[in-house]
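A.B. asks: Residues in the sequence shown are numbered consecutively from 929, following this note's numbering. Virtual Cβ for every residue (Gly too), placed ideally from N, Cα, C. Quick caveat: nothing in here was measured; it's all calculated off a predicted structure.
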Amino acid sequence: MACHTKPALIDSHAHIQTREFSADVAEVIHRAKEAGVEKIIVVGGAGDLSSNDAALALANSYPGLYATIGMHPHDAKEVDEEAFQRIEALARNPEVVAVGETGLDFYYDHSPRQVQIDLFCRFIQMARQNGLPLVVHVRDAYREACEIIKREGKGNLRGVIHCFTGDYDAAREFLDLGFYLSFTGIITFKNADALRDVARRLPLERILLETDSPYLTPVPHRGRRNEPSFVGYVAETLSQVRGADFGQVAETTSRNTETLFGI
929 MACHTKPALI DSHAHIQTRE FSADVAEVIH RAKEAGVEKI IVVGGAGDLS
979 SNDAALALAN SYPGLYATIG MHPHDAKEVD EEAFQRIEAL ARNPEVVAVG
1029 ETGLDFYYDH SPRQVQIDLF CRFIQMARQN GLPLVVHVRD AYREACEIIK
1079 REGKGNLRGV IHCFTGDYDA AREFLDLGFY LSFTGIITFK NADALRDVAR
1129 RLPLERILLE TDSPYLTPVP HRGRRNEPSF VGYVAETLSQ VRGADFGQVA
1179 ETTSRNTETL FGI
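#1: Hey, how far is the Cα of L1109 from the Cα of Y1161?
#2: For A1098, which option in F1117, L1085 and L1123 has the closest C-alpha, if you only look at C-alpha atoms?
#3: Would L986 and V953 be called neighbours here (beta carbons separated by less than 9 angstroms)?
#4: For the stretch 969 to 981 against the stretch 1169 to 1177, are there 3 or more C-beta pairs whose distance is under 8 angstroms?
#5: For H890 and E1138, which I take to be in contact (beta-carbon distance under 8 angstroms), what is that distance rounded to the nearest angstrom?
#6: Whether or not the stretch 1012 to 1029 and the stretch 1037 to 1046 are in contact is what I'm after, with contact meaning three or more pairs of Cβ atoms, one per stretch, closer than 8 angstroms; do they touch?
#7: S1157 and A960: beta carbons closer than 9 angstroms?
#8: Taking the runs of the beta strand (DSSP E) that are 3 residues or longer, which of them lie wholly in the stretch 1104 to 1147?
#9: Using only the alpha-carbon positions, how far apart do Y1143 and E1016 sit?
#10: Residues in the same chain with beta-carbon distance under 7 angstroms from E1101, minus the five sequence neighbours each way, listed in chain order, please.
#11: What is the rounded straight-line gap between the Cα of G1171 and the Cα of K1005?
#12: Within 10 Å of its beta-carbon, does S1039 have 16 or more other beta-carbons around it, so buried, or fewer, so exposed?
#13: Could you please give me the residues that DSSP links to K909 through a beta bridge?
#14: Hey, H1002 and V971: beta-carbon distance below 9 angstroms or not?
#15: Pick out whichever of Q1053, F1189, V1024 and V1063 has its Cα sitting closest to the Cα of F1092.
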């Protein structure tokens, strides 16, 4: 499949501020633009606190790039009060368009579950206080995450469940809370029939596209570092499973992303 150049796409979740891109981030951004990816959300909180500053630095350096700030649930145990206050200060920067990523990962349990839950709740409060949407990572904890969002969001919280891999019932619960769902290159994988069926059944007006670069590289580039220029493969697969026009998928998912993040 040749990468599409039109209409415009948005990569709603990429970690191009990480060391995997330290040697060629300018070229990566250029390739994305050439592939029709007009905007990229650079997601902070991957690995350590410095990833937030690095995401913000990229957003300040390149047009069409925007930053989020948070801390991945894997590293929730590293966030003491001083670290949280540093993140909170960054949330007031005009280039920051969301809080996250944050959430729950009960598959790896790299941080104790209660520590993950406590930090997730604090990030929800931060998002609400700053009028920002929330970027949520969930693995093996969909029920718990849904309950926390319902309780702590108090009906006044926007956000996206990034890299959604749950079933249709879980998807509907998050949609009922007003959240968007984002799909990655996983929907291009041979063994992802169940996830493709979920993506087919959901309203297109509630779907975002992402790469989660440098991870989850789509077919046909499995084994390579992922990058934002590959988000077109996610869009192509989504259009195929829905029997929809590529342009419609690109236009609608881009509009959804712009609406959620206010960009």
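C.D. replies: Straight from the coordinates:
#1: 17 angstroms
#2: L1123
#3: yes
#4: no
#5: This structure cannot speak to residue 890, because the chain is shown only from 929 to 1191.
#6: no
#7: yes
#8: 1108 to 1111 and 1135 to 1137
#9: 27 angstroms
#10: C1074
#11: 44 angstroms
#12: buried
#13: The structure shown does not extend to residue 909, since the chain spans only 929 to 1191, so no value can be given for it.
#14: no
#15: V1063
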